[in-house]
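Under this note's numbering, the first residue of the sequence shown carries the number 3, and numbering increases by one thereafter.
Glycine included, every Cβ here is placed at the ideal spot set by N, Cα and C.
Comments concern the structure below.
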Amino acid sequence: KRKNKVYVIPNYLKENQNNRIEENDYFIYAGRLSVEKGINELIESYLNSDLKDKTLKIVGDGPELTKIKNKYEVGNVEFLGQLPNNETIDLILGSKGVISATKLYEGQPTLLCEASLNGKISLFPDSGGIKEFLPINYDFLFKQFDYQDFTDKLNKLNEDETRQQSSKEAKEFIRSKLDPHILINQFKEIILKDDK
């Protein structure tokens, strides 16, 4: 008699091999522009941070787009709309990192994983499964819904050495977690267990 079992295997993402893109003075959010994704809090915290000399590029579409475009007509917030995945990846590669203030219980955030695979810092709330995709004691998680903590962590992004070291650690960690050989072996083990 078979018992019901749940196995969690992360989605595989391919590392981008385009190393020709130089890092520029901007951060990026890419995703749905909605209340539950915390887009308003993200922009407010960014504008209250010490990153005023760096642009925040926002990629995506959603129910909040028109409202936030009208509310945040400022020089260092740029709305790019919905873009193809390859263009978004190029923007991530050219950025200093990605940021999110999602209010959702995220399982495997694609934006975070793509950033880490490409050697870019991710600033995310400490909630859901997010921690599973980052090294232990990662410096750029903030307490979810604590927007002062979020702003403090945004300010920490100015510390180039800390940001670059955390990016390197996150890349090594996510490479091992999403290694296709490891994922395939995990899947095979599950199939063999269930056959017994």
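Since leucine 35 is in the beta strand (DSSP E), which residue starts that stretch and which ends it? Residue numbering aside, residue 35 sits at position 33 when the sequence shown is read from its first letter. For leucine 35, there is no enclosing beta strand (DSSP E), as DSSP marks it with neither H nor E.
How far does the alpha helix (DSSP H) with glutamate 171 in it reach, from first residue to last? If you number the sequence shown from 1, residue 171 lands on position 169. Taken as a continuous stretch (DSSP letters only), the alpha helix (DSSP H) holding glutamate 171 covers 162-179.
Quick one: residues in its chain with C-beta nearer than 6 Å to the C-beta of leucine 67, no 5 flanking neighbours on either side, listed in chain order? As a working mapping, residue 67 is identified with position 65 in the sequence shown. Cβ neighbours of leucine 67 beyond the five flanking positions: Leu35.
How about isoleucine 176 and cysteine 115: do their beta carbons lie closer than 8 Å? Taking the first residue of the sequence shown as position 1, residue 176 is located at position 174. Taking the first residue of the sequence shown as position 1, residue 115 is located at position 113. Yes. Within cutoff.
Three-state secondary structure assigned by DSSP to proline 86: Taking the sequence shown and counting its residues from 1, one reaches residue 86 at position 84. Taken through DSSP and simplified to helix, strand or coil, proline 86 comes out as coil.
Which of the three DSSP states, helix, strand or coil, is assigned to lysine 71? Taking the first residue of the sequence shown as 1, we reach residue 71 at position 69. Lysine 71: helix per DSSP, three-state reduction.
Which residue from Lys179, Val37, Asn160 and Asn139 puts its Cα closest to that of glycine 99? Taking the sequence shown and counting its residues from 1, the one referred to as residue 99 is at position 97. Answer by Cα proximity: Asn160.
Serine 129 - containing beta strand (DSSP E), residue span: Position 127 of the sequence shown, counting from 1, holds the residue named residue 129. Serine 129 -> no beta strand (DSSP E), and no H or E assigned at all.
Using a Cβ-Cβ cut-off of 8 Å (strictly less than) and excluding sequence neighbours within five positions of glutamate 46, which residues of its own chain qualify? For the purposes of this step, residue 46 is taken as residue 44 along the sequence shown, with counting starting at 1. Cβ neighbours of glutamate 46 beyond the five flanking positions: Tyr149.
Beta-carbon proximity check, aspartate 201 vs glycine 83, cutoff 8 Å: Residue coverage of the chain in this structure runs from 3 to 198, which leaves residue 201 outside it and unanswerable.
For aspartate 27, collect the residues of the same chain with a Cβ closer than 6 Å to its Cβ; drop the 5 residues on either side in sequence, then sort them by chain order. Stepping through the sequence shown from its first residue, residue 27 is reached at position 25. Result list for aspartate 27: Lys56, in chain order.
Please list the terminal residues of the continuous alpha helix (DSSP H) segment that includes isoleucine 138. As a first step, residue 138 must be located in the sequence shown, where it is residue number 136. Taken as a continuous stretch (DSSP letters only), isoleucine 138 belongs to no alpha helix (DSSP H), as it is neither H nor E.
Whole angstroms are fine: how far does the CA of alanine 172 sit from the CA of serine 118? Looking up residue 118 in the sequence shown gives position 116. Looking up residue 172 in the sequence shown gives position 170. Distance from the CA of serine 118 to the CA of alanine 172, rounded to the nearest whole angstrom, comes to 5 Å.
Leaving out five residues before and five after lysine 158 in sequence, what residues of the same chain have Cβ atoms less than 8 Å from its Cβ? Sequence index remark: in the sequence shown, residue 158 carries index 156 (1-based). Here lysine 158 has Asp141, Phe142, Thr164 and Arg165 as same chain residues with Cβ atoms under 8 Å from its own Cβ, once five neighbours each way along the sequence are excluded.
List the endpoints of the continuous alpha helix (DSSP H) containing lysine 155. The sequence position of residue 155 within the sequence shown is 153, counting from 1. If you look at lysine 155, you'll find it in the alpha helix (DSSP H) that goes 149-158.
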